[in-house]
Every structure is written in structure tokens, then in C-alpha cells.
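Asker: After the C-alpha cells below, expect a handful of questions from me.
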């Protein structure tokens, strides 16, 4: 017997069989995925309309980026023209890759919506489309239409403040 066969036999026949089947499945999975990708590429290539063919290939490339864990999916316009205001607070969002910290240290916006959650914390919707939530419930009330400022704190958190001096710790959710 070979060393591998001896080792599998030492596991017991059930455990050895389960281990062997697992190894075979691990070896076969990439081949099945490659066949599936090949079929999808052939389907895209068979399209006669250039726009439809391009959309099909772009969809495949986007799916591959997501599977690979790449955070580069998106349109080329946003990649060529970075918007520091849109990226402010993005590092607090769940992400697959670690981005460098943006140079912006504060954001000024108009409060367009306020939702109070059951536990008392507020969710703030800003005029720039971002959504922030309180980390711990505050005592104050916030009205839509006021200008707010969100600043990065020394330890990397964020503080939302109003013109009347009210401030609360927040994190970005959208």
C-alpha cells in the first residue's frame, strides 16, 4: 500500500471515503466553472448586434470581478473623475478591499430626511444621497432642512454636528 492509502485506511473506511469524495469534488469544481464560463462566452460571441454583444461581455466581466473579490466594478466615468465628497466615509462601509483614506476631513450637507429607529438612534439622509446612522441613541431631535457637518474624528470615527452645537457620533450606511 502507498502512504496515502495507508493514511486513508487509518481514518476508517467511512471517514476515508468522505475525505476522498471531498478531494474529488474540490478538483472537479474549477473544471465545471470553466465549462460554464466557456458556454457563457460562446453565447455572448453568438450575438449579432454589437451593442448586445458588448453588454453581454461586460456582464461576464463584471460577474468575474465580483467572484474574484475585486472592488473595481463600476463605470469608467467614476474611475477617471474621482469625487471626494461621494467617497467621504466610504471606508466605514463593508468592503472587500482596503482603500487608502481620502484627503477630505469634513462634509457639509443639508439634512433631507430623519428616521428614528425603535431603539432611539436616528438615521440621517443627506442632500448628497448619503445615509448615516447614529452609533448610540442621542437625546436631541433633528429636523430636515438644516445644514449639518460630518467631520472625521481623531481616532477615525465620524461626528455629525448641527449649527446650534448639537453633535452625535455617526457611521455611514449608504
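In the working numbering, the protein residues as written are 2 to 175.
Every residue, glycine too, gets a C-beta built ideally from N, C-alpha and C.
Quick caveat, the model's predicted, so the values are computed rather than measured.
1) At what residue ranges does the segment 120 to 155 contain a whole run of the alpha helix (DSSP H), taking only runs of 4 or more?
2) Taking C-alpha atoms, which residue in 85, 129, 7, 106 lies nearest to residue 160?
3) Ends of the beta strand (DSSP E) at residue 50?
4) Tell me residue 107's beta-bridge partners as DSSP assigns them.
5) Using the Cβ count rule (16 or more neighbours within 10 Å means buried), how would you classify residue 173?
6) Under DSSP, the alpha helix (DSSP H) around residue 85 begins and ends at which residues?
7) Tell me where the beta strand (DSSP E) around residue 169 begins and ends.
8) Straight-line CA distance for residue 170 to residue 40?
9) Given residue 162, which residues of its chain have a CB within under 6 Å of its CB, disregarding the five upstream and five downstream residues?
10) Taking the alpha carbon of residue 60 as the reference point, which residue from 22, 165, 50, 42 has its own alpha carbon closest?
11) Using 10 angstroms around the beta-carbon of residue 110, count the other beta-carbons present and answer buried if the total reaches 16, otherwise exposed.
12) What do you reckon, are the CB atoms on residue 145 and residue 122 nearer than 8 Å?
13) Opposite residue 162 in the DSSP bridges: which residues?
14) What residues in its chain sit with their C-beta under 7 Å from that of residue 48, if we drop five residues either side in the sequence?
15) Taking the straight line between their C-alpha atoms, what separation do you get for residue 125 and residue 166?
Answerer: In short:
1) You should have found no qualifying run.
2) Position 159 of the chain shown, counted from the first residue, corresponds to residue 160. If we check each option's Cα against that of residue 160, 106 comes out closest.
3) Looking up residue 50 in the chain shown gives position 49. Per DSSP, residue 50 belongs to no beta strand (DSSP E) and is neither H nor E.
4) Mapped onto the chain shown, residue 107 falls at position 106. Beta-bridge pairing links residue 107 to 152.
5) Against the chain shown, residue 173 aligns to sequence position 172. Residue 173 is classed as buried because its beta carbon has at least 16 other beta carbons within 10 Å across all chains shown.
6) As a first step, residue 85 is located in the chain shown; it is residue number 84 there, counting from the start. Segment 85 to 88, the alpha helix (DSSP H) holding residue 85.
7) Taking the first residue of the chain shown as 1, we reach residue 169 at position 168. If you look at residue 169, you'll find it in the beta strand (DSSP E) that goes 168 to 173.
8) As a first step, residue 170 must be located in the chain shown, where it is residue number 169. As a first step, residue 40 must be located in the chain shown, where it is residue number 39. In a straight line, the C-alpha of residue 170 is about 50 Å away from that of residue 40.
9) Here residue 162 refers to the residue found at position 161 of the chain shown. Hits under 6 Å: 150, 168.
10) Here residue 60 refers to the residue found at position 59 of the chain shown. With distances taken between Cα atoms, residue 60 lies closest to 42.
11) Here residue 110 refers to the residue found at position 109 when the chain shown is read from its first residue. With 16 or more other Cβ atoms within 10 Å, it is buried.
12) If you number the chain shown from 1, residue 145 lands on position 144. If you number the chain shown from 1, residue 122 lands on position 121. No, Cβ-Cβ distance for residue 145 and residue 122 is not below 8 Å.
13) Within the chain shown, residue 162 is the residue found at index 161, counting from 1. Note: residue 162 is bridge-paired with 150, 168 in the DSSP secondary-structure output.
14) As a first step, residue 48 must be located in the chain shown, where it is residue number 47. The residues 54, 57, in chain order, have a CB closer than 7 Å to that of residue 48 in the same chain once the five nearest residues on each side in sequence are set aside.
15) As a working mapping, residue 125 is identified with position 124 in the chain shown. As a working mapping, residue 166 is identified with position 165 in the chain shown. When only Cα atoms are considered, residue 125 and residue 166 end up about 17 Å apart.
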